[in-house]
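Per our numbering: the sequence shown ends with 125, consecutive numbering throughout.
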Amino acid sequence: MDTAECTGDKPCPLRELLSRLGDKWSLLTIMALAKAGENPCRFSELMRNINGISQRMLTTTLRHLERDGVISRRVYAEVPPRVEYALTERGRSLLIPVKSLVTWVEGNWPEIEKARNAFDASQ
Numbered sequence: 003m004d005t006a007e008c009t010g011d012k013p014c015p016l017r018e019l020l021s022r023l024g025d026k027w028s029l030l031t032i033m034a035l036a037k038a039g040e041n042p043c044r045f046s047e048l049m050r051n052i053n054g055i056s057q058r059m060l061t062t063t064l065r066h067l068e069r070d071g072v073i074s075r076r077v078y079a080e081v082p083p084r085v086e087y088a089l090t091e092r093g094r095s096l097l098i099p100v101k102s103l104v105t106w107v108e109g110n111w112p113e114i115e116k117a118r119n120a121f122d123a124s125q
């Protein structure tokens, strides 16, 4: 895909995907599932592991990620019902660029904070 295709009124897969993954909770949800490794996670586990997320926002985020094929949702016919979430193969392949981004942030965060402080002080 050529990023030049992302101009005008034409649909842009890159823009669409970045709007999903660039929201406040999607990458944190993906990282929480990645931290579990091969073990699927229940909703309550994700709630505990993603600091500050509301139940409604986690539900919405999981639905969006499931729709994009990044995670799978498995419902067990038990009483009470049990639902587990896991990364799909597509979701696991996303970990490569996500981990690179995390490494970049960790290496650059102090300088970003300095730049922000300098900018704010000049305003």
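Heads up, the beta-carbon is just placed ideally off N, CA and C, and yes, glycines get one too. Being a predicted model, the structure only gives us computed values, none of them experimental.
Three-state secondary structure assigned by DSSP to residue i
i           : result
residue 72  : coil
residue 108 : helix
residue 86  : strand
residue 100 : helix
Cut-off 7 Å between Cβ atoms - residues of its own chain near residue i, not counting five sequence neighbours on either side
i          : result
residue 17 : 8
residue 92 : 71 and 72
residue 97 : 36
Residues near residue i in its chain [Cβ-Cβ closer than 6 Å; skip 5 each side]
i          : result
residue 74 : 88 and 90
residue 68 : 75
Identity of the residues DSSP links to residue i by a beta bridge
i          : result
residue 44 : 86
* Take every Cβ of the stretch 40 to 53, pair it with every Cβ of the stretch 99 to 117, and state whether three or more of those distances are shorter than 8 Å. => no
* Inter-stretch contact at 8 Å, needing at least 3 Cβ pairs: the stretch 94 to 110 / the stretch 60 to 69 -> no
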